[in-house]
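Be aware that the sequence shown starts at 986, since it is given in the working numbering, and climbs by one per residue.
Just so it is clear, CB atoms sit at the ideal spot from N, CA and C, and this is done for glycine as well.
Take a look at the structure below.
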Amino acid sequence: TVNVYSLASERGFGLPVSRVTANNSWPKFTTYFQKNIADRNFNLGDNDLKMIMFHQLWLGFGDDFYIKLSKTTRENRPAVSTDAEKMRYFMLSACQIAQKDLSDFFRKWGFKVDESVYTAIADLNLPAPMQDLTTLRD
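Structure below.
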């Protein structure tokens, strides 16, 4: 998640393109998304690929998304220690902050979590995003 802040810093300094584009990371995304969804595993991707997922959330929801996520996390101080707990917290928090059901986005990205996480997201009764966030690029 450090990359989220470095991408924000780059925007703040007025760099014309994101590091995702400057590093030519989009072909990794294309290759990854050519796999069947069942064969994708976000946790096994390299940092460039993972950064794209976070960047797409920014493209979809703007700076306020990460500002609110950071503030909420600082205030709540969630007791999460395992990767599964961290992913659950991130996924539910992202949906609550965006006020969107991001299940489809997370499934497409290969978030391999217990199905109870997706049930908890559905229980929030949030609408799906108006667009497929996985199609966003800069």
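Inset, instruction - Could you tell me whether the Cβ of C1080 comes closer than 8 Å to any Cβ of chain D? - result: In the structure shown, chain D does not exist; there is a single protein chain.
Legend entry - Reference Q1084; option with closest CA among F1050, R1122 and I1037: Ranking the options by Cα distance to Q1084, first place goes to F1050.
Legend entry - Through-space distance from F1018 to W1094, alpha-carbon basis: Distance between the alpha carbons of W1094 and F1018 is about 8 Å.
Inset, instruction - Please work out which residues of its chain come closer than 7 Å, Cβ to Cβ, to F1090, disregarding the five sequence neighbours upstream and downstream, and give them in chain order. - result: L1118 and T1119, listed in sequence order.
Inset, instruction - Could you please give the first and the last residue of the uninterrupted alpha helix (DSSP H) stretch that includes A1064? - result: From DSSP, A1064 is part of no alpha helix (DSSP H); its letter is neither H nor E.
Legend entry - Beta-carbon separation (whole angstroms), D1086 vs A1113, contact threshold 8 Å: For a cut-off of 8 Å, the C-beta gap from D1086 to A1113 is around 5 Å, short enough to register as a contact.
Legend entry - Where the alpha helix (DSSP H) through G1045 begins and ends: N1032 to F1046 is the extent of the alpha helix (DSSP H) around G1045.
Inset, instruction - Just mark I1037 as buried or exposed, buried being the case when its beta carbon has 16 or more other beta carbons within 10 Å. - result: Per the 10 Å Cβ criterion, buried.
Inset, instruction - Just mark V987 as buried or exposed, buried being the case when its beta carbon has 16 or more other beta carbons within 10 Å. - result: Unreliable placement is indicated for V987, whose pLDDT of 47 sits below 50; the coordinate value is still reported in the next sentence. V987 should be labelled exposed.
Legend entry - Rounded straight-line distance, which links the Cα of G1047 to that of E1060: Cα-Cα distance, rounded: 21 Å.
Legend entry - C-alpha gap between L1121 and A1064, whole angstroms: Each residue's Cα considered, the two are about 32 Å apart.
Inset, instruction - Helix, strand or coil for S1088, going by three-state DSSP, please let me know. - result: Of the three classes helix, strand and coil, the one that applies to S1088 here is helix, per DSSP.
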